[in-house]
Structures are given as structure tokens and as C-alpha cells.
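In terms of my numbering, the sequence shown has 310 at position 124, counting the first letter as 1, and numbering is strictly consecutive.
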Amino acid sequence: MPQSSTNSPILSKRTSKSSPWFTSTLHALRASVHRAENLYKRTHTTLSWSSFKSLRNRYHNLIITSKKQYYSNLIFAVSDNPRRLWQTVNKLLCLKSASPLPTSTSFTSLADSFASFFTDKISKLRLPLGALSTTMSPHSPLITPPSFSTFKPATETEISKILLNFPNKQSDSDPIPTWLLNKCASVLVRIITNIVNLSLSWYCTGGNGQVKETCQRLVEDQCSKKEEQCW
């Protein structure tokens, strides 16, 4: 073994990983800034200072632009996948998700922790319910349901209001995107109103004008669940 290998320590060189947003253009511009800085330190002239300052400001502005572009593309690439989107955001913000399981040294104490957690949760849920009157049935209507002996067709104004208040969400099974439906609501509202009225009319009355008992019970059940005026 060479003498230099036994007497000289082995030094490991630490290299820094370049940031993904640091492009080749930034590399070249940084070298130009260093050359301009060295020239100014040697000459201390007004021209060299002006050149160095101009390159330095351009370099800093380009860093900001490159970062914005990189992170915008990163977020846009996973914008259609909420799970990957949140994973990307947490990674960019250096957020570590906490363990969903409690810390425990044994399986017995872990099982006891789970049992205590759910037992306490049930007790907390029952506590406010005990103050309520036990004589009132949970299914008894809080308001008197309206009479539903005749079917009242929906108006175009009501249907148009519903269409325009739709949240901008859709799935692949939808025949038309929600945003397109909102834009065409003024044209489609008459057709949709006719479809709704015909469907409800045949379902609730069977075409003879008399509301079925099943529809009356349906309205009463809905009114018992909501403390508001039913249509």
C-alpha cells in the first residue's frame, strides 16, 4: 500500500444538488454576473459597476420568473388529481403528515387506546342528547307539511335558478359539463322545465291529476327532516 494512502486522510467532497428550476440560462447568466463582479472589484469604474448592477438585477428577476414558472407547471400537472395535488403541495411546503395511529409500546395498550377513544366519543355524543325531550319522536315533523293534493308544475324561473346555482363540478358520466350547461341555461331552460314537469307529473299523479299517496308521504318525510318551508 502506498505511503500516501496510509498517512493522508480520505476527504469526501460534498456536492450540492442543483435546484430543478435552475435552468441552463440561469447558469450562463450567473457566470456573467461573477465575471462582471470580478471586473468591478479590479477596476472600480462607473462603467463596470453599471454593467455588474444591470446583470445582477436581471439575474435576480430571472430567478423569480423561473421559480414561478416551474412551480406553476408542477401544480398544473397534477391539478386533475386531488390526492397527488395535496401530496405535491405538502412536499413543496415541507409538511410531514402526522401518523394516524397513537404511539404505543405494546399491542395491548394500543387496543386500549382505541377502545377508550371510541367510548369517549360516544359518551360525548350522548351527553347533549340527554338534555332533549325523550317524548319527541326523532321522526316527528317539526313543521306542518303542506297539502299536496294537486301537482303544481315548476316554472322556468325556478328551474333557471337551480341551473345557475349548480357548483362547477362534473364527472365522466355526465352528458354535458356543468360550465356548458350554465352557459346554455337560457336556451335549455324551457326544455328542461318541460322534462321535469312531465317526469314529476307522471310519477306523482300517473297522468290522472290525483297525487299518489307515496308522493304525499315523500313530501312529509322531507319536511320532517328540514326546518324550512317545503315546496
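Cβ atoms here follow ideal geometry from the backbone N, Cα and C, with glycine treated the same way.
Small disclaimer: the values here were computed from a predicted structure and weren't measured.
Would you mind working out which of the options sits nearest residue i, comparing C-alpha positions?
i: Asp358; options: Lys239, Ser346, Phe303 and Asp266; result: Asp266
i: His246; options: Phe208, Ser309 and Leu233; result: Phe208
i: Ser240; options: Leu313, Arg221 and Asn351; result: Arg221
i: Val219; options: Lys338, Arg244 and Gln273; result: Arg244
i: Gln255; options: Thr305, Glu344 and Pro206; result: Pro206
i: Val382; options: Lys310, Thr341, Asp360 and Leu367; result: Thr341
i: Pro339; options: Lys369, Leu296, Ser385 and Pro361; result: Ser385
i: Thr343; options: Ile377, Asp360 and Arg312; result: Ile377
Within its chain, find whatever has a CB closer than 8 Å to the CB of residue i; leave out the 5 residues flanking it on each side and keep chain order.
i: Ser346; result: Ala371, Ser372 and Val375
i: Thr364; result: Phe352, Pro353, Asn354, Lys355 and Gln356
i: Leu248; result: Thr211, Leu212 and Leu215
i: Leu367; result: Leu349, Phe352 and Leu374
i: Lys277; result: none
Exposed or buried, residue i, counting other C-beta atoms within 10 Å across all chains shown (16 or more means buried)?
i: Val275; result: exposed
i: Phe238; result: buried
i: Thr251; result: exposed
i: Ala214; result: exposed
i: Thr294; result: exposed
i: Thr379; result: buried
Is residue i near the ligand MG, in the sense that its beta carbon is under 7 Å from a heavy atom of that ligand?
i: Gln255; result: As far as ligands go, the structure on display features none, and thus does not contain the ligand MG.
Spatial neighbours of residue i within its chain, please: C-beta separation below 6 Å, excluding the five flanking residues on both sides.
i: Leu349; result: Ala371
i: Ser234; result: Leu225 and Tyr226
i: Thr305; result: none
i: Lys253; result: Trp207
Excluding the five sequence neighbours on either side, which residues of its own chain have a C-beta within less than 7 Å of the C-beta of residue i, listed in chain order?
i: Glu223; result: Phe238
i: Leu315; result: none
i: Arg242; result: Val219
i: Ser204; result: none
i: Arg270; result: Val264
Answer with yes or no whether the minimum CB distance from residue i to chain B is below 8 Å.
i: Ser387; result: The structure shown contains no chain B, having only a single protein chain.
Entirely enclosed alpha helix (DSSP H) segments - the stretch 207-287, minimum 4 residues: 210-229, 232-263 and 268-278
4 or more residues per run - each alpha helix (DSSP H) lying fully within the stretch 333-378: 342-350 and 364-369
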